[in-house]
Structures are given as C-alpha cells and as structure tokens.
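Residue numbers (the UniProt record's numbering): 1 to 106. Note that the Cβ used here is the ideal one computed from N, Cα and C, for glycine as well. What follows is one structure encoded as structure tokens, with my remarks underneath.
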C-alpha cells in the first residue's frame, strides 16, 4: 500500500472486530469513518449489482468460465455507468440525511 491510501468498509461486525482493528492499527493503516453498515453510501454496491446481473445472464458453467465471464462483463460496463453513479452520489447523501441515516430508495 502506498502512502496516503485510506481503507473504507461498512462497519460490518467482522470489520469492526477487535482483531481487525488491531491489525489495521499495527499496520498504521487509515480507515475512513463510515456510518454503520451503510451500503447506500457506497456507489460500488450498485456497480457490483450491475455486474452480477450481467454475469447471471451469461450463466457460466464452472469456475474457469465464471472468471472469464466476470472479466468480459466488467470490461463491457461503460464508463458512463460509473460516472452516473458518482453524479447521483450527492442526491444519495441528501436523501440519507433527510431520512436521518436510515435506508433510502438508493
């Protein structure tokens, strides 16, 4: 890891376990503070869902085929999809704040 890297996770219990926190501390790794288990705030979640749908449509038959399909479908996702997820991030933050931190339609 290069200097300046910051880890992000959703405060899932396995990420906040004492052993995990201690390992991160010993490695001098920074962790971004994040609301507890809040996938609404992570645009990559929607991108992962997009990838899962594309992979399911291809119906890979085995592990090797799955790996191949994953790589192919990842490469096919247009940059505009990623840009749109980032563009909508502000709306998502506003919605989460309005909903006092609870789940939203995002």
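Could you tell me the distance, in whole angstroms, from the CA atom of residue i to the CA atom of residue j?
i          : j          : result
residue 17 : residue 46 : 26 Å
residue 22 : residue 4  : 19 Å
residue 97 : residue 33 : 16 Å
residue 95 : residue 81 : 21 Å
Can residue i and residue j be called in contact, C-beta distance under 9 Å?
i          : j          : result
residue 43 : residue 6  : no
residue 58 : residue 73 : yes
residue 77 : residue 49 : no
Rank the options by C-alpha distance to the C-alpha of residue i and give the top, closest one.
i           : options           : result
residue 75  : 51, 66, 61 and 63 : 51
residue 194 : 84, 96, 88 and 30 : Coverage of the chain is limited to positions 1 through 106, which leaves residue 194 absent and any answer about it impossible.
residue 69  : 79, 80 and 56     : 56
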